[in-house]
Each structure stands twice: as C-alpha cells, then as structure tokens.
Amino acid sequence: MNRDELAEFLRARRARVTPAEVGLPGGGRRRTPGLRRQEVAQLAGMSIDYYIRLEQGRGPHPSRQVLGALARALLLTQDERTHLFHLAGQPLDPPRIREDVPASLLHLITFLEEVPAYVVNARGDLRAWNPMADALMGGLSTLPPERLNVIRWVFLSPQIAEHLSDEEKGRFARASVADLRVSAGRYPDDRALQALVAEMLALSPAFAELWAQHDVEIRREQRKQVVHPAVGVIDTICQVMPVPDRDDLRLVLYTTEPGSPSHRALRELRQLTLSS
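Going by full-length UniProt numbering, the sequence shown opens with residue 1, and the numbers climb by one from there.
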C-alpha cells in the first residue's frame with residue numbers, strides 16, 4: 001500500500017468534485033475548491049476521523065468496501081477507480097512489466113505493411129515497430145535505446161516540434177502522463193518505472209506540473225495530427241489496443257480516413273519506405 005500516493009490522490013480528486021455534483025448544498029464560503037473532508041466521509045458512510053487519516057497518509061489498510069464507497073463518493077471514472085484500488089494495495093499478486101514481445105505480435109505488425117504500428121509497454125517503452133512507424137515517427141531505428149520511450153520523447157526530444165503542433169503536443173503530453181499514472185499505481189514495484197518518473201520530475205517542469213495533478217486515464221483512441229517533412233500533414237486516428245493476456249503491452253496503430261488527403265499522404269509515405 002502506497003499511503004502517500006493514496007493520500008495525494010484522494011486530496012486531488014476531492015478538490016475536483018463540487019457539492020452540486022453530489023447533491024449537496026453549496027452555500028457558505030470554502031477555503032479550498034471541491035468537497036470538504038466531512039462531506040466525503042458523509043457520502044462514503046465512514047467517520048470523518050477515518051477519512052482524515054487516509055488523506056494524511058496514516059490510515060489503516062482500507063477494505064474493498066471502503067474503497068468502493070470512496071470511488072462512488074468522489075465520482076471516480078473506471079480508470080481512476082482501478083488506480084485507487086492499486087494504490088491501496090488491493091491486487092494480491094501485483095502484475096509485472098516484462099521485456100519480451102510475443103512472436104505472434106511481431107508477425108502482426110510486420111504484416112501491417114500500410115499501417116504504422118508499434119508495441120509499447122506500461123512504461124511507455126517502444127518494444128517493437130514496423131517500417132511505416134519508423135518512417136512516420138522520424139527514424140525510430142536511429143535512436144539510442146534510452147530515447148525509445150514515449151514520455152521522454154514528448155518532454156525531452158527537441159524533434160517533437162517538427163512532428164506535432166503545440167496544441168497537439170499539449171494534448172498528447174497530458175494523455176501520456178495520465179496513462180503513466182495508471183501504470184505507476186498498477187506496477188508499484190517496477191524499479192525502471194520509478195526511475196523514469198524520478199528522472200522526468202528532475203528534468204522536466206512540464207512533466208512535474210502534470211504529474212502533480214494526479215490525472216488518471218488509460219490511453220485509448222485519440223486523433224492526432226502529425227507533420228511529416230516529406231509528405232506534409234497527416235490527420236491520424238491513433239488506436240491504442242490492449243494485447244490479450246499481456247496487460248503490460250499495447251499495440252498502437254495509426255490509421256486515416258479512407259480516401260482522405262491524409263490517407264493518400266500515408267500511402268505516399270509507404271512508397272518512400274519501399275524506395276529507400
């Protein structure tokens with residue numbers, strides 16, 4: 001159980017819920033935004049002293065019933081609820097991040113000849129990719145191993161401005177940090193993940209600011225505009241798909257609307273990869 005992270009998460013989520021959202025009167029002056037501690041305790045059906053101790057990082061190990069009540073009181077999303085349970089140490093057998101990629105998955109991305117595809121683990125490490133992903137993302141095969149990480153690329157790579165606008169980078173950065181928060185709760189004993197977070201907190205104020213917000217959301221489908229130096233702007237649908245029986249891996253596919261200018265640009269990029 002990570003008491004400090006649990007306490008920070010509870011405080012952050014409490015500050016985001018208004019009395020009106022949970023059917024409470026909103027009158028009176030409030031020193032801080034969101035619900036009061038006694039209101040959360042009331043909604044969750046627990047004593048105010050018990051809840052205060054949880055927020056101060058000195059509470060007992062909460063039961064699943066207590067965590068479920070808190071999730072309902074704080075209006076947590078499914079991703080946030082899962083994160084809460086992980087922080088409280090409820091999974092009896094914490095999953096681990098492995099380094100291998102199943103051969104069947106490697107074969108799949110190889111056969112996707114017209115679709116940029118790569119495999120990413122729960123830390124954001126790129127474990128495998130096909131030639132189209134290499135071309136779209138600016139030469140993954142030329143990067144040193146430590147740079148083959150989504151988080152480092154978003155916050156530390158000077159080349160990101162060549163591929164994403166400021167607005168796109170901001171959305172992608174926020175989504176990536178929220179996703180990494182999920183992993184940090186799910187894999188509390190992964191030293192490489194802990195080291196990545198510590199590194200980014202030390203090197204990137206932008207990462208530190210987003211990390212402090214405790215946003216939690218698994219990356220799924222999102223639209224992303226990529227600017228490629230050879231074929232121009234490509235409006236893509238970035239699909240993030242879980243790998244069956246491997247919760248630590250996801251398959252990422254970049255597709256476009258059929259027949260669109262972006263589709264034609266992607267096909268042009270395909271021709272360039274064949275001729276190079």
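Don't be surprised by glycine CBs; every beta carbon is placed ideally from N, CA and C.
Note that this is a predicted model, so its numbers are computed, not measured.
Check whether the Cβ atoms of residue i and residue j sit closer than 9 Å, and answer yes or no.
i: residue 250; j: residue 219; result: yes
i: residue 61; j: residue 9; result: no
i: residue 211; j: residue 201; result: yes
i: residue 119; j: residue 140; result: no
i: residue 54; j: residue 12; result: no
i: residue 150; j: residue 169; result: no
i: residue 143; j: residue 130; result: no
From residue i to residue j, what distance separates their C-alpha atoms?
i: residue 277; j: residue 14; result: Past the boundaries of the shown model lies residue 277; the chain is included only from 1 to 276, so the question cannot be answered.
i: residue 252; j: residue 178; result: 17 Å
i: residue 52; j: residue 243; result: 39 Å
i: residue 135; j: residue 191; result: 32 Å
i: residue 180; j: residue 125; result: 11 Å
i: residue 216; j: residue 17; result: 15 Å
i: residue 258; j: residue 114; result: 12 Å
i: residue 226; j: residue 36; result: 43 Å
i: residue 166; j: residue 43; result: 41 Å
i: residue 245; j: residue 95; result: 11 Å
i: residue 34; j: residue 147; result: 39 Å
i: residue 63; j: residue 57; result: 15 Å
i: residue 116; j: residue 255; result: 8 Å
i: residue 40; j: residue 213; result: 19 Å
i: residue 48; j: residue 194; result: 33 Å
i: residue 101; j: residue 19; result: 47 Å
i: residue 157; j: residue 207; result: 13 Å
Would you kindly report the start and end of the unbroken beta strand (DSSP E) that includes residue i?
i: residue 127; result: 126-129
i: residue 250; result: 246-255
i: residue 232; result: 232-243
i: residue 117; result: 117-121
i: residue 226; result: 222-228
Decide if residue i is buried, meaning its Cβ has at least 16 other Cβ atoms within 10 Å, or exposed.
i: residue 4; result: exposed
i: residue 183; result: buried
i: residue 92; result: Here residue 92 scores only 45 on pLDDT, less than 50, and its place in the model is too uncertain to base an answer on.
i: residue 205; result: exposed
i: residue 264; result: exposed
i: residue 110; result: exposed
i: residue 272; result: exposed
i: residue 236; result: buried
If you follow the alpha helix (DSSP H) that residue i is in, where does it begin and where does it stop?
i: residue 53; result: 48-55
i: residue 17; result: No alpha helix (DSSP H) contains residue 17, which DSSP labels as neither H nor E.
i: residue 38; result: 37-44
i: residue 154; result: 150-156
i: residue 291; result: This structure cannot speak to residue 291, because the chain is shown only from 1 to 276.
i: residue 170; result: 166-186
| query | Are the segment 210-228 and the segment 170-185 touching by the rule of at least three beta carbon pairs closer than 8 Å? | reply | yes
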